[in-house]
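S.K.:
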Amino acid sequence: MAIQKEEALIKRLEKLAVHNDPINSELYKKYDVKRGLRNLNGTGVLVGLTRIGDVVGYEIKDGEKIAIPGKLIYRGYNVEDLVADAEKNHQFGYEQCVYLLLFGELPKKTQLERFTNFIGEYRALPPSFTEDMIMKAPSNDIMNKMARGVLASYSYEKDPENRNIGNIIKQCIELIARFSTLAAYGYQAKRRYYDDKSMFIHNPKPELSTAENFLRLIRSDKQYTRLEAEILDLALILHAEHGGGNNSSLTVHVVSSADTDTYSAIAAAVGSLKGRRHGGANIRVVEMIDDIKAHVKDWSNEKEVRDYLTKISSKQAFDGSGKIYGMGHAVYTINDPRAILLKKKALELAKAKDAVEEFELYELIERISPEIIRETHLHASEKNICANVDLYSGFVYNMLNIPRELFTPIFAISRIAGWSAHRIEEVISGGKIYRPAYKNVSKERAFVPLEKRG
645 MAIQKEEALI KRLEKLAVHN DPINSELYKK YDVKRGLRNL NGTGVLVGLT RIGDVVGYEI
705 KDGEKIAIPG KLIYRGYNVE DLVADAEKNH QFGYEQCVYL LLFGELPKKT QLERFTNFIG
765 EYRALPPSFT EDMIMKAPSN DIMNKMARGV LASYSYEKDP ENRNIGNIIK QCIELIARFS
825 TLAAYGYQAK RRYYDDKSMF IHNPKPELST AENFLRLIRS DKQYTRLEAE ILDLALILHA
885 EHGGGNNSSL TVHVVSSADT DTYSAIAAAV GSLKGRRHGG ANIRVVEMID DIKAHVKDWS
945 NEKEVRDYLT KISSKQAFDG SGKIYGMGHA VYTINDPRAI LLKKKALELA KAKDAVEEFE
1005 LYELIERISP EIIRETHLHA SEKNICANVD LYSGFVYNML NIPRELFTPI FAISRIAGWS
1065 AHRIEEVISG GKIYRPAYKN VSKERAFVPL EKRG
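Residue numbers (my numbering): 645 to 1098.
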């Protein structure tokens, strides 16, 4: 009976909230509100300056937004060059990207070796942390578990409130090192307590890269191939940073500007990345692909695939959102450089995993979707639309036999590098708390005493 009363109360409160909170969309135009901190032409509202990363997809000429080929820049260096260098030297490149993002310069060989060893030494979690903070409080969602792990790390440091830059750098490096372990152990606890499966807790090896360690920790036999580790390393490089304006990096700037501790700032970023409009997008891609496979008999038949994609884009199939997931980006319009690099490596892995037919389905979706979107969405009729990195990242993780609940945590394992760099930058160069304005559009009302409210 008590539960029924509680449910009835919640429904009444929900109805009250829905009735009182909607805002007429015309008011946003009236007061020139930059919804989502975006201008009417789709560009972002300029709220800060950064030296860390740049996302290039257009240029402004005579006040007009002109689409140009996409580029992703880390500290002035094109990410394509970083990837090419790692491949040429047969090295895992994520750790070099971390160094570059944190300190602004490419490391010399000896510097990279020392830094990589330093990260390796911090991969293991503190004594009793795994038992007390992960196993005793498992979560069905790994991102929530990671956020809790970040906040719990506060209690395992001697001076967590120290805002000295050197201490913040040390805190960030420790979190960068431990993120893959937090995700892997959180996943193992989920397997045991929620999926009723065996749990395998392996110790990380300090001499291995982030990609190698993660694959080792999530697999019962600890085995992986060099190609598997290389393509995961590539994904980590490509997701490590994406400018200061993406939602989770902006979150780091906003929370850090309040002069809080590192763990609070990074945990907030994890919460942002968990969102389905941000880090959870690659899962929606593979769910959409599953739906396509279930309704399209011949994946190579362009007409059959086109007809079903048209249904998806017209809100008649899949989740009814009208979105073809993996297509389109807020900045990139001609091409997403991350998608190009990941697609190339994905084909190599598809050949090794006997998944070329499925790869060709993704490729077909990439090729025909822009036209379908323009035909079914009037607002997109004059826009350039390209595949984004999410189209191929989920496919790659599937081929690596990585469970879907770990897709977004992998994003976090990578992006902690960019978050840390933005945390340091905000502390050094910010100096002013974020305080944008909100226009109140409600009317002032005369107060009614409790006894007269009926």
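All C-beta atoms, glycine included, are put in the ideal place defined by N, C-alpha and C. The structure displayed is predicted, hence computed values, not measured ones.
Would you mind reading off the limits of the beta strand (DSSP E) that contains P1047?
M.R.: Segment: none, P1047 is in no beta strand (DSSP E) and carries neither H nor E.
S.K.: Tell me, please, which residues DSSP counts as bridged to S949.
M.R.: According to the sequence displayed, residue 949 carries Val and not Ser. Its beta-bridge partners do not exist; DSSP assigns none.
S.K.: If you follow the alpha helix (DSSP H) that I981 is in, where does it begin and where does it stop?
M.R.: A quick correction: the sequence has Pro, not Ile, at residue 981. Per DSSP, P981 belongs to the alpha helix (DSSP H) from 981-996.
S.K.: Leaving aside the five residues before and after A911 along the sequence, list all residues of the same chain whose C-beta is less than 6 angstroms from its C-beta, in chain order.
M.R.: Once the five neighbours on either side are set aside, the close Cβ partners of A911 are A791, V794, L795.
S.K.: Could you check where the beta strand (DSSP E) with L716 kicks off and where it finishes?
M.R.: That run of the beta strand (DSSP E) goes 708-718.
S.K.: Name the DSSP beta bridge partners of Y702, please?
M.R.: For Y702, which the question treats as bridged, DSSP gives the partners A711.
S.K.: Which whole-angstrom value describes the C-beta separation of L985 and F1003, a residue pair presumed to lie in contact below a C-beta threshold of 8 angstroms?
M.R.: That belief does not hold up - the Cβ atoms of L985 and F1003 are roughly 15 angstroms apart, past 8 angstroms.
S.K.: Identify, in the order they occur along the chain, each residue of the same chain with its Cβ nearer than 6 angstroms to the Cβ of L878, setting aside the five sequence neighbours on each side.
M.R.: Contacts found: K989.
S.K.: Specify the secondary structure class of R682 as computed by DSSP and reduced to three states.
M.R.: Residue state, collapsed to three classes: strand.
S.K.: Answer yes or no: do H883 and F1055 have a C-beta to C-beta separation smaller than 9 angstroms?
M.R.: The answer is yes: Cβ separation under 9 angstroms.
S.K.: In whole angstroms, what separates the C-alpha of W1063 from that of S892?
M.R.: So the two alpha carbons sit approximately 8 angstroms from each other.
S.K.: Do Q832 and F844 come within 9 angstroms of each other at the CB atom, strictly closer than that value?
M.R.: Closer than 9 angstroms, so yes.
S.K.: Label H663 either buried or exposed according to how many other C-beta atoms from any shown protein chain fall within 10 Å of its C-beta, with 16 as the threshold for buried.
M.R.: H663 should be labelled exposed.
S.K.: Restricting to runs no shorter than 4 residues, where is the alpha helix (DSSP H) found entirely within the region 901-945?
M.R.: As far as the region 901-945 is concerned, its whole alpha helix (DSSP H) runs of at least 4 residues are 906-918, 925-939.
S.K.: Classify Y718 as buried or exposed, calling it buried when 16 or more other Cβ atoms lie within 10 Å of its own Cβ.
M.R.: Buried, because 16 or more other Cβ atoms sit within 10 Å of the Cβ of Y718.
S.K.: Comparing C-alpha positions only, which one of L871, L880, A781 sits nearest to Y838?
M.R.: Closest by alpha carbon: A781.
S.K.: How many Å lie between L756 and N733 at the Cα?
M.R.: The straight-line gap from Cα to Cα measures roughly 14 angstroms.
S.K.: Closest by CA to V699, which one among G972, L880, I654, G889?
M.R.: When each option's Cα is compared against that of V699, the closest is G889.
S.K.: Give the secondary structure of N1042 by DSSP, where H, G and I count as helix, E and B as strand, and everything else as coil.
M.R.: If DSSP states are grouped into helix, strand and coil, N1042 belongs with the helices.
S.K.: With DSSP run on the structure shown, which of helix, strand or coil describes A652?
M.R.: Looking at A652 - three-state DSSP - the assignment turns out to be helix.
S.K.: Looking at L745: is its Cβ nearer than 9 angstroms to the Cβ of G697?
M.R.: Yes, Cβ-Cβ distance for L745 and G697 is below 9 angstroms.
S.K.: Report the partner residues of G688 according to the DSSP bridge assignment.
M.R.: DSSP output for G688 lists R682 as bridge partner(s).
S.K.: Please report the Cβ distance between S783 and G748, rounded to the nearest whole angstrom; I am assuming they are in contact, meaning their Cβ atoms lie under 8 angstroms.
M.R.: About 36 angstroms separates the two Cβ atoms, so there is no contact after all.
S.K.: Name the two residues that bound the continuous alpha helix (DSSP H) containing I786.
M.R.: Taken as a continuous stretch (DSSP letters only), the alpha helix (DSSP H) holding I786 covers 786-797.
S.K.: Could you give the first and the last residue of the continuous alpha helix (DSSP H) run that contains S1013?
M.R.: Residues 1000-1020.
S.K.: Could you compute how far the alpha carbon of T1099 sits from the alpha carbon of G1098?
M.R.: As shown, the chain starts at 645 and ends at 1098. That puts residue 1099 outside it, with no answer to give.
S.K.: Among H886, S900, D963, which one has its Cα closest to the Cα of V975?
M.R.: Ranking the options by Cα distance to V975, first place goes to H886.
S.K.: If we ignore side chains and look at the alpha-carbon of each, how far apart do L716 and E650 end up?
M.R.: Between L716 and E650, the C-alpha separation is close to 51 angstroms.
S.K.: Applying the criterion that 16 or more other CB atoms from any shown protein chain within 10 Å of the CB defines a buried residue, is D998 buried or exposed?
M.R.: D998 should be labelled exposed.
S.K.: What are the boundary residues of the alpha helix (DSSP H) that N811 is part of?
M.R.: Start and end: 809-837.
S.K.: If we ignore side chains and look at the alpha-carbon of each, how far apart do R807 and E708 end up?
M.R.: So the two alpha carbons sit approximately 43 angstroms from each other.
S.K.: In terms of alpha-carbon separation, which member of A855, I875, C1030 lies closest to I763?
M.R.: Of A855, I875, C1030, the residue nearest in Cα terms is A855.
S.K.: Out of D980, K967, M1043, which one is the CA nearest neighbour of E1019?
M.R.: It is K967.
S.K.: If you compare alpha carbons, which of Y702, R758, N847, S908 is closest to S799?
M.R.: When each option's Cα is compared against that of S799, the closest is S908.
S.K.: Would you call the CB atoms of M787 and K918 closer than 9 angstroms?
M.R.: In contact: M787 and K918 (Cβ atoms closer than 9 angstroms).
S.K.: Count the other CB atoms, across all protein chains shown, that sit within 10 Å of the CB of H980; report buried if there are 16 or more and exposed otherwise.
M.R.: The question names His, yet the displayed sequence has Asp at residue 980. The residue is buried, with at least 16 neighbouring Cβ atoms inside 10 Å.
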